[in-house]
Each structure stands twice: as C-alpha cells, then as structure tokens.
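Working notes for the structure below.
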Amino acid sequence: MAVLKVTFTKTNRDKLAQVLWVLNWVSVVTGVTLFSLGLFLKVEIVKRRELMSKEIVSVPNMLIFVGLTACAINFLGGKICYDCVDTTKFLRWKLLMLPYIICTFFFTFCILVGALMCYSMRNDLEESLFLGLRDAMRYYKDTDMPGRCYIKRTMDMLQMQFQCCGNEGYRDWFHIQWISNRYLDMTDSGVAERLRSNVEGKYLIDGVPFSCCGLHSPRPCIQHQITNNSAHYNYEYQKEELNLNRRGCRQALLEHYTQIMQSIGLIVLIIWLFEVSVLTGVRYLQTAMENVLRLGDPDSESDGWLLENSIADTARYNFNIIKNLGKCYQVDDDPNIDVPSTSQQAQENVPVKQIPVAQ
Numbered sequence: 523m524a525v526l527k528v529t530f531t532k533t534n535r536d537k538l539a540q541v542l543w544v545l546n547w548v549s550v551v552t553g554v555t556l557f558s559l560g561l562f563l564k565v566e567i568v569k570r571r572e573l574m575s576k577e578i579v580s581v582p583n584m585l586i587f588v589g590l591t592a593c594a595i596n597f598l599g600g601k602i603c604y605d606c607v608d609t610t611k612f613l614r615w616k617l618l619m620l621p622y623i624i625c626t627f628f629f630t631f632c633i634l635v636g637a638l639m640c641y642s643m644r645n646d647l648e649e650s651l652f653l654g655l656r657d658a659m660r661y662y663k664d665t666d667m668p669g670r671c672y673i674k675r676t677m678d679m680l681q682m683q684f685q686c687c688g689n690e691g692y693r694d695w696f697h698i699q700w701i702s703n704r705y706l707d708m709t710d711s712g713v714a715e716r717l718r719s720n721v722e723g724k725y726l727i728d729g730v731p732f733s734c735c736g737l738h739s740p741r742p743c744i745q746h747q748i749t750n751n752s753a754h755y756n757y758e759y760q761k762e763e764l765n766l767n768r769r770g771c772r773q774a775l776l777e778h779y780t781q782i783m784q785s786i787g788l789i790v791l792i793i794w795l796f797e798v799s800v801l802t803g804v805r806y807l808q809t810a811m812e813n814v815l816r817l818g819d820p821d822s823e824s825d826g827w828l829l830e831n832s833i834a835d836t837a838r839y840n841f842n843i844i845k846n847l848g849k850c851y852q853v854d855d856d857p858n859i860d861v862p863s864t865s866q867q868a869q870e871n872v873p874v875k876q877i878p879v880a881q
C-alpha cells in the first residue's frame, strides 16, 4: 500500500511543477545564504586564531560545502521541474529523477548535520579558547620576539573591545610575568627581591595591563597594587567593582561565538525544513508523472506518493538489494566452482601418446 498517496489532475501536476520550479530557485538563494554564513563564521574564527589553540573550522567548512552543493542541486532541480510540465520533456529526466531525489535526500541530511554541529561546537571552542588565551597571556611580554610581537596588541584590543580581563578573570595576571625584563630596573632592590622570591625567577605583581580597566569606572584606573588598600586613597579592594573588568575573556568570547552559532544554527534549521518540503514535492511530481506514462494518457489523472509500498516493505526491499549486491562478489559460494567442465573432462580422457625413444 502506497504511503501518503495523492491523486493529481493534469492541472494540479502543472501547478505543482511550476511551484517547485520557483521553490528550487529560492533554494538556490538559500544555498548562497548557507555559503555566506559559513564564510562569515570562518572569518570570525580566523580573526582571533592567535587566541585559540586550534582553529575550529569544521563547522564553517561544512556550511560552505553545503551551500555550494545546494546551489548546484537546486539549479538542476529547477530545470527538471520546469520540464515536467511537458510529458515528452519529462522522458529525458525519467531515469535521472530517482538518483536526483536520493542525492537530494542525503544533501538535506547534511544540512541537518550542519545545524546540529553549530550547537555542538561549544565544548571544543571552550577548550580551544582556554588554552589559546593562556598562551597569549604568557607571550604578552614578548613584544620583541618574532612571531609574538603582535600578541600584546591582540590581547589589549580584545580586553577593551569585550570589556574583559584575563582568561577566567583579572586574577590570572597575578600568576604570570606580563612585564618584559627589558622594562625592569634590575638595579632596584624591590625588583631584584621579587625576582629572587619566585622559584622560576619571574617578576610577579598584583597588577594588570591597562586594557583591563573598566570603561565606566568613576575614578582613574588602578592597575598596580590592586590588593593593597593603603596604596590608594579612598580605595577598598574588596568593594571596588567598577575599576576593572571582572569578566574573563574566555567567557566573553564564548558568549560571542555561541550567540553567532545559535543564530546560524536556527537559520540552517529553517533552510533544512524548506529543503525537505521541496524534496517532498519533487517526489510527488516524479511518481505522478511516471504513472501518467504508464497510463499513456497525458491528460488523465494519476496518483503520486512518497513510497510505493509501506515503510517496512520498502526497507526490506532495499535491504535485499544490498544483500544481493554483496553476494555478487562471493565467488567461493559457487557450487560448481570445483566441478570440471566438459572440455576439461574430454582432455583428461584422451590417452597420452608416448614418443618413441631413438635407439
């Protein structure tokens, strides 16, 4: 029994073909949209690649590939649906229709995978940002070292743009040396004492870079001796909330990328639903046109369906096809493989003539 069978008149078939032609061209636009979203996400990730331990480019590459494939598939689908108005033109596409529908089905599945990847990217991105920001803070002082001279500028711009500080928070700067030795007065007793007091010989202070200062602070920025209340007038370290950015940069970047990926994922899901509806219409058009050819009357009514048989019967039929294809390569199961042919038996029954030996 056919699944979701619908009866179409010639007028209904023509209208369905025309509507699907328009929808396929709309799908070409959605393909361009997918490509643009993937490209935008990739640019956003590449812009801050120095702050990541590894580039998470699987999702944007997936969207770019799916977008380009959508343009090609839907362009072909528009041509097929346009020709399906005429029965004679449909004959040119009859053998190609089923492979086209199968390919489009797997393509829509790829769109769904791309949408789900947008929501599952958070964990990998969080780990990459944590390790990348940790290394960037370590290299903050290496302004004269090739390959790291722009890390300071990158971190400062990040902390000012996102109003964040450190990896998890401003206290992260207390545990690393972010001031280069070239700017330290080694003859100063205080500097020498700090270097000797640390096991690794680092100059650690309770201070942060200027870019950690809050833009909305009512007082001048206090970036040195942050934990020393007596070093500043009318200052209480435990109560001062507006002087420094309290939010960590990892959390700020993670929220930024999560918002982008959730928006992209929602758009991709809408595109997936649209593509599924177009694929359903193409399937109805294909089966209806094939039944018209069987009837032999282009003006007659014809039935269209999603599946010719029930879901269980269709699955069993396809499984048997795959199973039989696998048996084609099993030569050892041939019962006649060890049975000699008639010509071989005749050759074996021929007596061997002995060649006389010269005396």
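Counting from 1 along the sequence shown, just add 522 to a position and that's the residue number in the numbering used here. Glycine residues also receive a C-beta, built at the ideal position from the N, C-alpha and C atoms.
Environment of residue i [buried if 16+ CB atoms lie within 10 Å]
i, result
"I859", "Because the pLDDT at I859 is just 47, under 50, the model does not fix this residue reliably, and the point stays unresolved."
"K601", "exposed"
"E722", "exposed"
"G669", "exposed"
"F627", "exposed"
"G818", "exposed"
"S824", "buried"
"M574", "buried"
"D856", "With a pLDDT of 49 at D856, under the threshold of 50, the predicted position of this residue should be treated as unreliable, though the coordinate-derived value follows. With fewer than 16 other Cβ atoms within 10 Å, it is exposed."
"S822", "exposed"
"Y661", "buried"
"M667", "exposed"
"D694", "buried"
"P742", "exposed"
"Q699", "buried"
Collapsed DSSP secondary structure at residue i in the structure displayed
i, result
"F631", "helix"
"L471", "The shown model of the chain, from 523 to 881, leaves out residue 471, and the question about it has no answer."
"T533", "helix"
"L815", "helix"
"S824", "strand"
"V548", "helix"
"V804", "helix"
"C686", "coil"
"C640", "helix"
"V798", "helix"
"C743", "coil"
"L775", "helix"
"L829", "strand"
"V528", "strand"
Among the options, nearest to residue i - alpha-carbon criterion
i, options, result
"R772", "L559, A714, Q685 and F597", "Q685"
"V800", "I623, S558, I578 and R535", "I623"
"N596", "T610, R693 and T630", "T630"
"W547", "L573, S739, A592 and Y672", "A592"
"M584", "L775, L817 and I786", "I786"
"Q760", "L717, T749 and N767", "T749"
"L829", "P820, R805 and L815", "R805"
"K470", "E758, S822 and L815", "With the chain represented from 523 up to 881, any question about residue 470 goes unanswered, as that position is not in the structure."
"L559", "C640, P820 and C625", "C640"
"G636", "T802, S822 and Q784", "Q784"
"M659", "E648, M667, T676 and D666", "T676"
"V544", "S822, E797 and A834", "E797"
"I744", "D694, L766 and A594", "L766"
"C734", "I701, L726 and D678", "D678"
"K537", "E572, V607 and L634", "V607"
Nearest-angstrom Cα separation, counted from residue j out to residue i
i, j, result
"V528", "R644", "44 Å"
"T552", "G589", "8 Å"
"R769", "L791", "32 Å"
"F539", "N813", "Looking at the sequence shown, residue 539 is not Phe but Ala. Straight-line Cα distance between these residues: approximately 15 Å."
"E566", "T609", "49 Å"
"L680", "I789", "28 Å"
"L526", "G691", "58 Å"
"W642", "R535", "What sits at residue 642 in the sequence shown is Ser, not Trp. Approximately 42 Å between the Cα atoms of the pair."
"L653", "L776", "13 Å"
"C625", "M619", "10 Å"
"N689", "Y757", "25 Å"
"Y604", "W827", "20 Å"
"I782", "I793", "17 Å"
"S549", "E648", "34 Å"
"N703", "S752", "27 Å"
"L655", "K724", "19 Å"
"L561", "C671", "28 Å"
"S580", "H778", "18 Å"
"F696", "Y755", "22 Å"
"Y705", "L717", "14 Å"
"Y851", "P621", "With a pLDDT of only 48 at Y851, under the threshold of 50, the placement of this residue in the model should not be trusted; the figure read from the coordinates follows. One C-alpha to the other measures close to 24 Å."
"G803", "C687", "54 Å"
Contact belief for residue i with residue j at Cβ below 8 Å, rounded distance in angstroms
i, j, result
"Q747", "G729", "7 Å"
"D646", "I578", "6 Å"
"S807", "L542", "Here residue 807 turns out to be Leu, not Ser, going by the sequence shown. Going by Cβ atoms, the distance from L807 to L542 rounds to 6 Å, so yes, they are a contact pair."
"P582", "L556", "Contact doesn't hold; Cβ gap of about 11 Å is too wide."
"S650", "K576", "5 Å"
"K611", "P820", "No, K611 and P820 are not in contact; Cβ-Cβ is about 11 Å, not under 8 Å."
"D810", "F530", "A quick correction: the sequence has Ala, not Asp, at residue 810. About 5 Å; that satisfies the 8 Å criterion."
"I673", "E572", "6 Å"
Check: residue i C-beta below 6 Å from any heavy atom of the ligand HEM
i, result
"L766", "Ligands displayed in this structure: none; no statement on the ligand HEM is therefore possible."
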